[in-house]
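Residue numbers (our numbering): 346 to 792.
We put the CB at the ideal spot given by N, CA and C, even for glycine.
First the structure, in the form of structure tokens, and then the observations on it.
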Amino acid sequence: MVHATDVSGATVRKVTLRLVPFLGLLYFVNYLDRVNIGFAGPSGMKADLGLSETAFGLASGIFFIGYLILEVPSNLALHRFGARRWIARIMASWGIVATAMAFVPNETMLYVLRFALGVAEAGFFPGILLYLTYWFPQQHRAKIVALFMTAVPISTALGSTVSSLIIQYGDGVFGLTGWRFMFLVEGLPALALAVVTWFYLTDRPDKARWLSPREQDWLTAELAAEQAALEQAEHWTVRKALTHPRVLGLALIYGGIVYGLYALGFFLPTIIAGFQQQYGTHFSIVQRGLINAVPYVIGAVVMVLWSRHGDRTGERTWHVALPALIGGLAIPVALYLGNPFAAMAAVTVCAVGVLAALPTFWALPSTFLTGAAAAGGIALINSIGNVSGFVAPYVTGALKDLTGSQRAGLWVVGLCMVAAAVGVLVLRNRARTYWNVRGTDKKRPQH
């Protein structure tokens with residue numbers, strides 16, 4: 346006789362192995378294409394295109410304007426038409442634009458292409474988060490989101506080294522400078538993976554031929570029971586999800602957390618390159634790439650362990666607030682330290698804080714949103730929160746031009762992350778009932 350616990354464990358493992366590595370690969374390519382301008386900037390692009398630090402920050406961040414405009418419509422389209430078709434469409438669109446970055450002729454076209462890249466990618470990340478709610482019960486989601494989101498530190502850690510190697514050894518290939526060749530090489534995989542996605546992904550558990558009938562029945566019933574419990578607690582329409590203070594509050598909290606992620610993602614390579622002037626050090630392009638990888642390698646390990654602890658205990662609030670608070674307090678001191686090793690230690694603490702907070706944060710919206718409301722609400726949170734993706738690099742670059750130092754920009758990073766930590770604690774007190782929902786899980790979260 347097969348017990349229900351045996352079916353549940355086997356099903357979750359099978360779905361995890363089938364979906365999470367592939368989705369992580371897609372996000373690896375997606376995130377790398379989004380932030381690889383950070384590696385191109387100090388490796389010749391700013392000089393070749395005549396970009397100031399402010400212009401570079403604007404080019405890095407304008408991506409998120411297009412992203413903001415189409416995020417919610419894109420996620421609602423995914424919910425209606427199915428993840429397989431819509432994610433494949435997104436990937437093909439972004440692959441075309443990312444590859445075109447190799448041929449950008451001037452500052453104006455750089456702005457145009459970065460904006461177009463945001464339009465093309467809109468809906469990808471919240472679409473994947475929504476897709477995961479179709480496959481994983483609530484009690485597993487923080488851990489699953491963490492496994493999926495390891496693509497962020499891995500893409501930055503591995504991507505920084507790979508991008509540096511491509512820039513260094515690809516200089517002159519096809520008559521392109523190193524940074525242009527990097528854009529070309531890193532844009533093409535999205536096009537190939539768009540085709541694979543079309544045939545590989547399955548929209549819903551009841552269509553998964555790779556699950557046994559017993560596994561399909563258990564997973565479908567488990568998810569349906571959770572959705573029914575949430576809808577019984579409070580019914581959410583798309584309109585309500587797009588206007589409710591709880592959702593808007595989560596969007597602002599997310600913005601504070603990812604402010605640190607994007608400020609580091611776009612400017613850490615520049616900060617490391619500046620160690621030569623500040624500390625008298627000298628690193629090659631590849632060495633700078635390896636140094637850039639360190640915070641993200643450590644962050645990848647911590648984010649998985651921390652999210653598993655959150656799933657095991659059922660606690661959500663402090664698993665978001667504590668790492669955000671520690672990271673926010675650590676980052677402003679980074680450039681006041683007396684040597685590059687101490688500075689990188691502070692930067693690493695900040696990166697770990699950001700990465701540890703994110704997976705559990707994304708477990709919060711699905712504790713009270715389902716269906717089309719979840720599609721719209723998750724997209725809105727990601728869309729508004731990612732305004733930080735525009736603001737962070739622009740403000741960081743502008744403050745560098747204004748003051749001649751990265752210190753002011755990092756103080757802003759710290760303040761935003763601390764504010765996010767405070768915000769999640771405030772919102773917890775107002776939304777305690779909803780954040781305690783765990784569907785059919787017998788354990789209740791403790792706050």
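1) Label R661 either buried or exposed according to how many other C-beta atoms from any shown protein chain fall within 10 Å of its C-beta, with 16 as the threshold for buried.
2) Under the rule that 16 or more other beta-carbon atoms within 10 Å means buried, what is A638, buried or exposed?
3) Could you give the distance in angstroms between the alpha-carbon of N451 and the alpha-carbon of V767?
4) Among residues of its own chain, excluding the 5 on either side of P668, which ones have a beta-carbon nearer than 6 Å to its beta-carbon?
5) Using C-beta distances below 8 Å, list every residue in its chain close to L613, excluding the 5 sequence neighbours before and after it, in chain order.
6) What first and last residue would you give for the alpha helix (DSSP H) that runs through V678?
7) Y739: which of A553, Y376 and I410 sits nearest, CA to CA?
8) With 16 other CB atoms within 10 Å as the buried threshold, where does W439 fall?
9) Using the three-state DSSP reduction, which class does S711 fall into: helix, strand or coil?
10) Candidates A465, A433 and H485: which alpha carbon is nearest A708's?
11) On the criterion of 16 or more Cβ atoms from any shown chain inside 10 Å, does L495 qualify as buried, or is it exposed?
12) Spatial neighbours of A569 within its chain, please: CB distance less than 6 Å, with the 5 preceding and 5 following residues excluded, ordered by chain position.
13) Classify R657: buried if its beta carbon has 16 or more other beta carbons within 10 angstroms, exposed otherwise.
14) Expressed to the nearest angstrom, what Euclidean distance is found between the alpha-carbon atoms of L714 and F470?
15) Use the C-beta contact count for K787: other C-beta atoms within 10 angstroms, 16 or more gives buried, fewer gives exposed.
16) Can you give me the C-alpha to C-alpha distance between F526 and L556, rounded to a whole angstrom?
17) Near A535, which residues of its chain fall below 7 Å by C-beta distance, leaving aside the five closest residues on each side in sequence?
18) Please look up how many angstroms separate the CB atoms of V583 and G721, rounded, as I've assumed it's under 8 Å.
19) What do you get for P710, buried or exposed, if any count of 16 or more other CB atoms within 10 angstroms of its CB means buried?
20) Tell me whether D378 sits in a helix, a strand or coil according to DSSP, three-state version.
21) Considering only residues of the same chain and omitting the five flanking positions on each side of N381, which have a CB-CB separation below 8 Å?
22) Could you name the residues of the same chain whose beta carbon sits closer than 6 Å to that of A465, not counting the 5 residues immediately before and after it, in chain order?
In brief:
1) buried
2) buried
3) 42 Å
4) G698, A701 and A702
5) G383, N637, P640 and V692
6) No alpha helix (DSSP H) holds V678; DSSP gives it neither H nor E.
7) Cα-wise, what sits closest to Y739 is I410.
8) Around the beta-carbon of W439, 16 or more other beta-carbon atoms lie within 10 Å, marking it buried.
9) helix
10) H485
11) Checking the sequence shown, residue 495 turns out to be Thr, not Leu. Result: buried.
12) none
13) exposed
14) Cα atoms of L714 and F470: separation of roughly 17 Å, rounded to the nearest angstrom.
15) Interpretation of K787 is limited by its pLDDT of 39, a score under 50 that renders its predicted location unreliable; the figure taken from the coordinates is listed afterwards. The residue is exposed, with fewer than 16 neighbouring Cβ atoms inside 10 Å.
16) 42 Å
17) V374, D378, M436, W439, G440 and A443
18) With 8 Å as the limit, V583 and G721 qualify as a contact, their Cβ atoms being about 4 Å apart.
19) buried
20) helix
21) G504, S508, M527, F528 and E531
22) S438, W439 and V442
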